[in-house]
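Going by UniProt numbering, the first residue of the sequence shown is number 1, and it counts up by one from there.
For glycine and all other residues, C-beta sits at the position ideal for the given N, C-alpha and C.
A quick note: this is a predicted structure, and the numbers were derived from the prediction, not measured.
Report on the structure given below.
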Amino acid sequence: AADVDKFLGNIYSPSQVENFEYYWNCVTPENAGKWGSVEGTRDQMNWSSLDAAYALARDNGFCFNFHVLLWGAQQPAWISELSPEEQLEEIQEWFQAVAERYSFTASPFDVVQVVNEPLHQPPDGQEGRANYIEALGGAGETGWDWVITAFELARQIFPEGTRLMINDYGILSSLETAQQYLELIQLLKERNLIDVIGVQGHAFSTRSGAPIQEVLDLLATTGLPIQVTEMDIDGNPNQSPFVTREQSEQNQLRDMQRIFPTVWYHPAVEGVTFWGWRPGLWRNDYEAYLVYSNGAERPAMVWLREFMEAYRESYLSANEPEGTLPEELSVVSWPNPSRGQVRFRYALPFEAEVRLQVFDVLGREVMTLASGRHRAGVYEVAFDGRHLPSGLYLYRLEANGRVRSGRLVLMR
């Protein structure tokens, strides 16, 4: 995702760092930034893993997503034993320590996750969670006073320009939950406390039928940018011993093609972070890894890499300075896969007699999109395939006898 208007990130953890720079350009520490990982013993800070994650981002010019200041899980055991007054002091000290050690303004996509999973894992002492919610005001008058207080502290403590984010799961799978999340976000926005919305993209939130587009549209009404966090796509979602390697690969590829373009192309989404990509990731038993241990790419990774290459080429072509002539003959389509409405951009480095056509897999012409004499330059044309059946189509650009072609997938 280098040189484009969005980022494509992944997690920092020991099992996930090999060849990181080849595929990803944003870093989220999987566990190293959780309070319990840094300050397991009161007033004894262990920054080593978090420093390594931060260095991976900064040394490569990548964005950094700090995960996470407050969460009901993976918090220091000792925090629940303190009085509310002492808890609040410790929370402030934790925020200050992070703010003093790291900067979050090097990239326009940098964020600090202030609260993770407020709807599902608040620090309320239930089901083994940490218990400091009352130190932050509890539910209070708004029902979310504790979240508001956390964001107020972060706004006060972190330097100007630091973007503050909330994050939760189960949002993309439920409009009802998304509406509840929206109400909390509006409380924060009214107070100028939030800059970015995080929605987790775990496989259990993006099953077939999930209202992903509708949820993103709903959250976009806030006017805030959205980051899709913690994305994983299973190959064996039921952990069945009867699913073969080939079946797992095809399951993952099918869902990657269904899910990723929907989130990536949404105008409010500024980037996507996968929650691991190599064996050893969180959903390893569900075969959510995108490469094998030897680095060989699974089909979903091949598709994702080619998708990003096409997106980058299209983006750079669209943003060439006026008067700049393309250097190569090329044609790209997006979104691809598509639900029917597609745009083609083709670049001509020379004046030519041009024909751009779409064919079905049997080689039958579906439509001619462009024909005739063209001057050198970059051109764009729309294609409406909503009346066509789902499946694979081919497109072909011919210019003065030279040919470029590609594949287009239509879905319903």
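N- and C-terminal bounds of the beta strand (DSSP E) containing residue i
i    : result
Y289 : Where Y289 is concerned, there is no enclosing beta strand (DSSP E), given that its DSSP letter is neither H nor E.
S371 : 365-374
T273 : 269-274
E21  : Counting along the chain, E21 falls outside any beta strand (DSSP E), though it belongs to the alpha helix (DSSP H) covering 20-23.
D168 : 164-168
V114 : 111-116
L172 : Premise fails: L172 is in no beta strand (DSSP E) and is neither H nor E.
E230 : 226-231
L325 : From DSSP, L325 is part of no beta strand (DSSP E); its letter is neither H nor E.
G198 : 196-200
DSSP-derived helix/strand/coil call for residue i
i    : result
S49  : helix
E246 : helix
Q148 : In the sequence under discussion, the amino acid at residue 148 is Ile, which differs from the Gln named in the question. Of the three classes helix, strand and coil, the one that applies to I148 here is helix, per DSSP.
V381 : strand
P29  : strand
N10  : strand
W35  : helix
W334 : strand
L388 : coil
T206 : coil
A73  : coil
N65  : strand
F104 : coil
Y395 : strand
G128 : helix
E297 : strand
D360 : strand
Q121 : coil
R339 : coil
CA-to-CA distance, residue j to residue i, given in whole angstroms
i    : j    : result
A99  : G198 : 20 angstroms
M308 : A399 : 25 angstroms
P337 : F64  : 29 angstroms
V215 : I233 : 19 angstroms
V111 : D195 : 9 angstroms
I185 : T221 : 11 angstroms
V342 : T262 : 13 angstroms
A52  : S103 : 14 angstroms
G363 : Y395 : 10 angstroms
Q96  : N284 : 35 angstroms
P241 : S13  : 28 angstroms
V272 : R402 : 37 angstroms
A32  : W282 : 14 angstroms
G40  : A382 : 56 angstroms
L392 : Y311 : 19 angstroms
V38  : Y22  : 29 angstroms
S333 : E90  : 52 angstroms
Q200 : W277 : 16 angstroms
G143 : F151 : 15 angstroms
V68  : E190 : 23 angstroms
R355 : R404 : 11 angstroms
E86  : E93  : 11 angstroms
G61  : P29  : 16 angstroms
V4   : M301 : 19 angstroms
N319 : P349 : 16 angstroms
N46  : Q247 : 43 angstroms
I212 : P267 : 13 angstroms
P123 : E160 : 27 angstroms
CA nearest to the CA of residue i, picked from the options
i           : options                : result
V331        : L369, Y286, R373       : L369
S6          : N25, E21, H387, S15    : In the sequence under discussion, the amino acid at residue 6 is Lys, which differs from the Ser named in the question. For the residues N25, E21, H387, S15, the minimum Cα distance to K6 belongs to N25.
P225        : L397, A97, F109, G9    : F109
R245        : P389, S371, P299       : P299
A55         : V17, E287, E89, A73    : V17
W275        : Y102, S48, V27         : V27
R373        : A352, G138, L356       : A352
V269        : V302, Y286, L187, V228 : V228
W303        : R254, G295, L325       : R254
N19         : D124, L69, V291        : V291
S371        : Y346, Q252, P326       : Y346
residue 446 : E230, I259, N46        : Absent from the structure is residue 446, since the part of the chain shown begins at 1 and ends at 412.
Q257        : A296, L218, P267, R305 : R305
G235        : Q213, W47, A288, A57   : A288
R42         : G9, A77, S49, G340     : A77
Host alpha helix (DSSP H) of residue i (start-end)
i    : result
A135 : Premise fails: A135 is in no alpha helix (DSSP H) and is neither H nor E.
V98  : 84-101
E351 : Taken as a continuous stretch (DSSP letters only), E351 belongs to no alpha helix (DSSP H), as it is neither H nor E.
I212 : 212-220
E183 : 175-190
C-beta neighbour in chain C for residue i, strict 9 angstroms
i    : result
P299 : Chain labels in this structure do not include chain C; a single protein chain is all it has.
Is there contact here, the stretch 400-412 with the stretch 374-381, by at least three beta-carbon pairs under 8 angstroms? With the rule of 3 Cβ pairs closer than 8 angstroms, the stretch 400-412 does not count as touching the stretch 374-381.
Per the contact definition of three or more C-beta pairs closer than 8 angstroms, is the stretch 70-90 in contact with the stretch 175-195? Between the stretch 175-195 and the stretch 70-90 there are fewer than three C-beta pairs closer than 8 angstroms, too few to call the two in contact.
For the stretch 115-127 against the stretch 142-160, are there 3 or more C-beta pairs whose distance is under 8 angstroms? Yes, the stretch 115-127 is in contact with the stretch 142-160.
Could you tell me whether the stretch 169-179 touches the stretch 123-137, using the rule of 3 or more Cβ pairs below 8 angstroms? Proximity of the stretch 169-179 to the stretch 123-137 falls short of the contact definition, fewer than three beta-carbon pairs being nearer than 8 angstroms.
On the three-pair Cβ rule with 8 angstroms, is the stretch 162-171 touching the stretch 202-213? Note that the stretch 162-171 touches the stretch 202-213; at least 3 beta-carbon pairs, one per stretch, sit closer than 8 angstroms.
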